[in-house]
Amino acid sequence: MSLMSEVGQKAFNLGVPLAVHIDVTYRCNERCVHCYLDHDDHGELTTGEIKDMLDQLAEAGVFFLTLSGGEVFMRRDFFEIVEYARRLMFNVKIKTNAVMIHEAEARRLRELDVDTIQISIYSHRPEVHDAITKLPHSFDRSIKAIRFLREQGLRVTIANVLMTVNSSDHMAVQKLAAELDAHYTLDPTITPMMDGGTDVLALRIPGEELTQVFQNPALVGNQEEFCAPPQPPSEKDLEGYSCSAGHSFCYISPYGDVFPCVQFPLPTGNIRQQKFLDIWNFSPQMKEVRSIQAKDLTVCSSCTHVTSCTRCPGLAYLEGSMRGPSTADCEKSFYRTGIPTANMLRQGLSKPRRTAPLIQIQPLEIQPIGVAPDTRIPAICS
Amino acid sequence: MPENCIYIARSSAIAARALAGEMMVMNSADSTFFTLNEVATAIFQAADGHTPLHDIVRDRVCGQFDVDLEQAQADAEQFVTELSSHGILIVSNQPLAPETP
Numbered sequence: 000m001s002l003m004s005e006v007g008q009k010a011f012n013l014g015v016p017l018a019v020h021i022d023v024t025y026r027c028n029e030r031c032v033h034c035y036l037d038h039d040d041h042g043e044l045t046t047g048e049i050k051d052m053l054d055q056l057a058e059a060g061v062f063f064l065t066l067s068g069g070e071v072f073m074r075r076d077f078f079e080i081v082e083y084a085r086r087l088m089f090n091v092k093i094k095t096n097a098v099m100i101h102e103a104e105a106r107r108l109r110e111l112d113v114d115t116i117q118i119s120i121y122s123h124r125p126e127v128h129d130a131i132t133k134l135p136h137s138f139d140r141s142i143k144a145i146r147f148l149r150e151q152g153l154r155v156t157i158a159n160v161l162m163t164v165n166s167s168d169h170m171a172v173q174k175l176a177a178e179l180d181a182h183y184t185l186d187p188t189i190t191p192m193m194d195g196g197t198d199v200l201a202l203r204i205p206g207e208e209l210t211q212v213f214q215n216p217a218l219v220g221n222q223e224e225f226c227a228p229p230q231p232p233s234e235k236d237l238e239g240y241s242c243s244a245g246h247s248f249c250y251i252s253p254y255g256d257v258f259p260c261v262q263f264p265l266p267t268g269n270i271r272q273q274k275f276l277d278i279w280n281f282s283p284q285m286k287e288v289r290s291i292q293a294k295d296l297t298v299c300s301s302c303t304h305v306t307s308c309t310r311c312p313g314l315a316y317l318e319g320s321m322r323g324p325s326t327a328d329c330e331k332s333f334y335r336t337g338i339p340t341a342n343m344l345r346q347g348l349s350k351p352r353r354t355a356p357l358i359q360i361q362p363l364e365i366q367p368i369g370v371a372p373d374t375r376i377p378a379i380c381s
Numbered sequence: 000m001p002e003n004c005i006y007i008a009r010s011s012a013i014a015a016r017a018l019a020g021e022m023m024v025m026n027s028a029d030s031t032f033f034t035l036n037e038v039a040t041a042i043f044q045a046a047d048g049h050t051p052l053h054d055i056v057r058d059r060v061c062g063q064f065d066v067d068l069e070q071a072q073a074d075a076e077q078f079v080t081e082l083s084s085h086g087i088l089i090v091s092n093q094p095l096a097p098e099t100p
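Chains A and B supply the protein sequences, listed in that same order. Using numbering that gives the first Met the number 0, read the first sequence as starting at 0 and increasing by one per residue. Using numbering that gives the first Met the number 0, read the second sequence as starting at 0 and increasing by one per residue.
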């Protein structure tokens, strides 16, 4: 086990929030076709509120801090936030489309010793990338920014979301990343809209195309190992937990809502009403998320894939139960190994369903400070 | 004060946080990651740029842990040299101004 894994396990066991992802804004200068966010400002945290929150996060033991959005540079105070975070000695990673990064911004990010800058590039073809972002010349601007950042010696990761509209381009984007001396990640996950809209799910690539991705050693490393049939779970495996969401990781929205993960829209509290550690330690929702072991999963506990599946409890929650299956992950497990999942078998399916009926949870309604925090289960919209 | 005083300061290029009494440290330049034991953490936390290493060892190490001063000083100098080679600590024979991002 690497030192980093050991530290991660230690934080998990101790219930320390080792890593936090903060969206500092949902505003954006791009309008990506697959984006799940509402880009209006409904009352973002102020600079002072964010600084106070960062103080609390440092006190709570947070080490890895991801600042994302929306587009982070839509906030005029973004550098002030990064500077404050670095003074508190967080390891800072930034997710951005980079179109507002020029030479001066790249230099400032270097001076602030930001760890990594992750930039979304959807295609090596400018016309395809720009059609996805709906911002003319965004490809050229983002690539130029990557060059500025690399000139400063900063680590850059190109994040490539895989969709129907760019599915044939990922190998060329990977090559482009190599030419730019940037890391490359590929993500086939398309998330439903925050307002419950599921139209964007039509952009998910067909399952058969996932097989091609999973059998590409350039993307998955040892393909035989990656696609190997799952091993039967041991008793210890069934005592295990899904992921770090709510255990050593959480997400905070631009409005101060705290969630177990970016992809797990279960409101657990708001930092305008409560101290972060009170939410982290005492929120009933956070405690419930933490309590779920593999043996508690309604369908997946009996699934042959239970130990190797990437089952996301947040996506499962969006399908109706955080203890239930996540259809998108069932699909990945099936196309990775060719072995049906328990969720498919109980429905008599030879191939996974493309999508499952989804519910969507609205963000926690902000209440005036001084009013007791709302711990009811939030409204659920179909 | 000894003539060969060593002053140590934390680099501004690092990220650091205590986890259960032990310090996690990462250098952003090359992503090298360290965890420091309790004694090393005490030295790291006291690395303010103007307290001599000898005083840190005497007050923060020997004052809190059951170790011999001479041995602790030798170990501390070795530790400081190693962290300095990874860009985690800055070492000088003059007091250092604290680095800020």
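We treat Cβ as the ideally placed atom computed from N, Cα and C, and that holds for glycine.
Using only alpha-carbon positions, find the residue among A/SER247, A/ASP112 and A/GLU318 that is nearest to A/VAL6. A/SER247
Counting only beta-carbon atoms, is B/PHE33 nearer than 9 Å to chain A? yes
If you drop the 5 nearest sequence neighbours on each side, which residues of the same chain put their C-beta closer than 8 Å to that of A/PHE333? GLY206, PRO339, THR340, MET343, LYS350 and PRO351
Looking at the secondary structure, which residues open and close the beta strand (DSSP E) in which A/HIS182 lies? 182-186
For A/LYS50 and A/LYS133, what's the separation of their Cα atoms in angstroms? 33 Å
Three or more C-beta pairs below 8 Å linking the stretch 146-162 of chain A and the stretch 180-200 of chain A: yes
Looking only at DSSP bridge pairs, what is A/SER119 linked to? A/ALA158
Run down chain B in chain order and give the residues with a C-beta less than 8 Å from the C-beta of A/ALA176. None at all; the shortest Cβ gap to chain B is about 18 Å.
Just verifying my parser: in three-state terms, what is the DSSP assignment at A/HIS128? helix
Using a Cβ-Cβ cut-off of 7 Å (strictly less than) and excluding sequence neighbours within five positions of A/GLN230, which residues of its own chain qualify? THR306
Residue interval of the alpha helix (DSSP H) (run including A/GLU318): Here A/GLU318 belongs to no alpha helix (DSSP H), and DSSP marks it neither H nor E.
Only counting the same chain, and skipping five residues up and downstream in sequence, which positions put a Cβ closer than 7 Å to that of A/LEU53? TYR83, ALA84 and LEU87
Within 10 Å of its beta-carbon, does B/THR80 have 16 or more other beta-carbons around it, so buried, or fewer, so exposed? exposed
Which residues in the same chain have their Cβ closer than 7 Å to the Cβ of A/ILE365, if we skip the five residues on either side of it in sequence? Annotation note: pLDDT 37 at A/ILE365 (below 50); position unreliable, coordinate value reported separately. Same-chain partners within the cutoff: GLY42, TYR254, ASN269 and ARG271.
Based on DSSP bridge pairs, tell me the residues matched to A/VAL257. A/ILE251 and A/GLY268
So, for B/ILE42: in the same chain, excluding its five sequence neighbours on each side, which residues have a beta-carbon less than 7 Å away from its beta-carbon? ILE55, ARG59, VAL60, ALA75 and PHE78
Please state the DSSP three-state secondary structure of A/ILE291. coil
Cβ of A/ASN280 less than 9 Å from any chain B Cβ? no
Member of B/LEU52, B/ASP29 and B/SER27 whose CA lies at the smallest distance from the CA of B/ALA39: B/LEU52
For the stretch 10-36 of chain A, enumerate the residues whose C-beta is nearer than 7 Å to any C-beta of chain B, in chain order. ALA10, LEU13 and VAL15
Using a cut-off of 7 Å between C-beta atoms, extract the partners of B/ALA96 located in chain A. Under the 7 Å cutoff, chain A gives no residues; its nearest Cβ is about 15 Å from B/ALA96.
In this structure, does DSSP put A/GLY7 in helix, strand or coil? helix
In the DSSP output, which residue or residues are listed as bridge partners for A/LYS94? A/GLN117
Quick one: give me the first and last residue of the beta strand (DSSP E) that B/GLU21 is part of. 21-26
Using a Cβ-Cβ cutoff of 8 Å, what residues of the stretch 79-96 of chain B are near chain A? List them in chain order. none
Counting contacts by CB-CB distance shorter than 9 Å, is A/MET383 in contact with chain B? With chain A running from 0 to 381 in the structure shown, residue 383 of chain A is simply not present.
With which residues is B/PRO51 paired in a DSSP beta bridge? B/TYR6
Pick helix, strand or coil for A/PRO356, following the three-state DSSP scheme. Per-residue confidence for A/PRO356 stands at a pLDDT of 49, beneath the threshold of 50, marking its modelled position as unreliable; the derived number appears in the next sentence. Correct three-state label for A/PRO356: coil.
Just to confirm my understanding: we take A/ILE131, look at its own chain, exclude 5 residues before and 5 after, and list those with CB closer than 8 Å. What are they? CYS31, VAL32, HIS33, TYR121, SER122, MET162, VAL164 and ASN165
Of all the CB atoms in chain B, is at least one closer than 9 Å to the CB of A/LEU2? yes
Quick one: what does DSSP say A/ASP22 is sitting in, helix, strand or coil? strand
Within 9 Å, strictly: CB atoms of A/SER382 and A/SER141: In the structure displayed, chain A extends from 0 to 381; residue 382 of chain A sits before or after that span and is not available.
Between B/THR31, B/SER91, B/ASN3 and B/HIS85, which lies nearest to A/SER1 when the distance is taken from Cα to Cα? B/THR31
At least one CB of chain B closer than 9 Å to the CB of A/PHE213: is that the case? no
Check whether the stretch 216-227 of chain A touches the stretch 10-20 of chain A, taking contact to mean three or more Cβ pairs, one atom from each stretch, closer than 8 Å. no
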